[in-house]
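There are 2 protein chains.
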Amino acid sequence: MAKAARESKNLTALTTSRLRQAGLRPTRQRVELASLLFRDHDRHVTAESLHDEVSKAGVKVSLATVYNTLHQFTQAGLLRQVIVDAARSYFDTNTGDHQHFFLENEGLLIDIPGETIAVAGVPAPPPGLAVERVDVVVRVRRA
Amino acid sequence: MAKAARESKNLTALTTSRLRQAGLRPTRQRVELASLLFRDHDRHVTAESLHDEVSKAGVKVSLATVYNTLHQFTQAGLLRQVIVDAARSYFDTNTGDHQHFFLENEGLLIDIPGETIAVAGVPAPPPGLAVERVDVVVRVRRA
DNA sequence: TCACAGTTTAGAATTATTCTAAACTGGTTG
DNA sequence: CAACCAGTTTAGAATAATTCTAAACTGTGA
């Protein structure tokens, strides 16, 4: 077996067990999307961009499935949704504690490691409410 | 002239000059929307919510005009757009330095004064980019 | 009072996203 | 290993927020 094929098989096997552990049936589509997504640990995709990517790779997956899958992965804790743009939703393969630069012009997200930024003085939330997350978005533009 | 009418006339006059200063022609619709918006200094509205409010007040303004006006006011620096919800855009009458609690369940925004929260350690942006704003959103839920 | 640039508007158009109902497919069972 | 079925995928319709368009209207300066 050629090296590339061996690696691909390996990736598929890894992805499959990762999905199973997350309680998701490893269907062809989910394995293919997950393989693309989790190849790198700091990817930021849009439903549209991921659909383009998977399509260009010659794989046939409907846009509806991409949406479904992104939401399922998010619920399973494999992805995190990032809300920075009124026009579309981003999903981040980095689910750990971290923040973002957002390039408003290009619609590009860049991770800022969690230890880098410190947010002090967050007041106690109104009674009966629990803090779920503190998001910091550093909006930047081409000067 | 009755007290209420006198106050209303006063508000209208104030609003009118405020709009003129912002370089916006004080049309009936703009004056009416501005009067509602800037009565309080910490309002958070949605195009839909503002349109409902103005309609219930018996004023006839189209939804398209509400959208136009919110964007014009934002460009003129009278409002600030807040992006916290993938489903809709919020506009904030507080344009100063401050942050927000966002009640995910209710879709409600609450201001956190600018001095309260301190963000330290924001890294220099990638070359050629300038920081435009640092947004902090404290997402909370009913416990 | 006139004229016109700037506004408003109804309704169509657009765009991201979700829904629906029918076809399909992993995984399990006999 | 064949049949079954709950869970998935899909095309296309539906939805919802927002923007666009072209025609009617209105402040404002002369």
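Respectively, the protein sequence lines represent chains A and B. Numbers in the working numbering are just positions in the first sequence, counted from 1, shifted up by 154. Numbers in the working numbering are just positions in the second sequence, counted from 1, shifted up by 154. C-beta: ideal position from N, C-alpha, C; glycine also.
Under DSSP, the beta-bridge partners assigned to residue 254/A are 265/A and 291/A. Taking the CA atoms as reference points, residue 262/A sits about 6 Å from residue 256/A. Annotation: residue 170/A to residue 185/A spans about 6 Å, alpha carbon to alpha carbon.
Note on the region 162-225 of chain B: whole beta strand (DSSP E) runs with a minimum of 3 residues are 198-200, in chain order. Sequence-distant partners of residue 271/A (beyond 5 residues in either direction) whose C-beta falls short of 8 Å from its own C-beta, in its chain, are 253 and 290. With a beta-carbon spacing of about 16 Å, residue 228/A and residue 196/A fall beyond the 8 Å limit used to define contacts. Taking C-beta atoms under 8 Å as the contact rule, residue 230/B and residue 278/B fail to qualify, at a distance of about 31 Å. Using a Cβ-Cβ cut-off of 7 Å, residue 288/A counts as an interface residue toward chain B, since at least one Cβ of chain B sits closer than that to its own. Its Cα nearest to that of residue 259/B, the residue 297/B stands out among 224/B, 244/B and 297/B. Looking at the DSSP output, residue 235/A bridges to 245/A. Assignment of beta-bridge partners to residue 273/B by DSSP yields 273/A. A Cβ-Cβ separation of about 5 Å places residue 200/B in contact with residue 242/B under the 8 Å criterion.
The alpha-carbon of residue 211/A is positioned some 49 Å away from that of residue 280/A. The Cβ of residue 230/A sits no closer than 7 Å to any Cβ of chain B. Neighbours of residue 243/B in chain A, taken as residues whose beta carbon is under 8 Å from its own, are 240 in chain order. Chain-order list of chain B residues neighbouring residue 272/A: 274 and 275, by C-beta distance under 7 Å.
Here the alpha carbons of residue 220/A and residue 187/A stand approximately 8 Å from one another. Excluding five sequence positions before and after residue 251/A, the CB atoms of its chain that fall closer than 7 Å to its own CB belong to 268, given in chain order. Taking CB atoms only, residue 281/B has no neighbour in chain A less than 7 Å away. The beta-carbon of residue 236/B is placed no less than 7 Å from the nearest beta-carbon of chain A.
Along the region 249-273 of chain B, the positions whose C-beta sits under 8 Å from a C-beta of chain A are 255, 257, 258, 264, 266, 270, 271, 272 and 273, read in chain order. Scanning 218/A, 264/A and 215/A for the CA closest to the CA of residue 236/A turns up 264/A. Residue burial is scored here from C-beta neighbours: residue 293/A has at least 16 other C-beta atoms within 10 angstroms and is therefore classed as buried. Interface criterion not met: the Cβ of residue 174/B is under 7 Å from no Cβ in chain A. Residue 223/B is classed as buried because its beta carbon has at least 16 other beta carbons within 10 Å across all chains shown.
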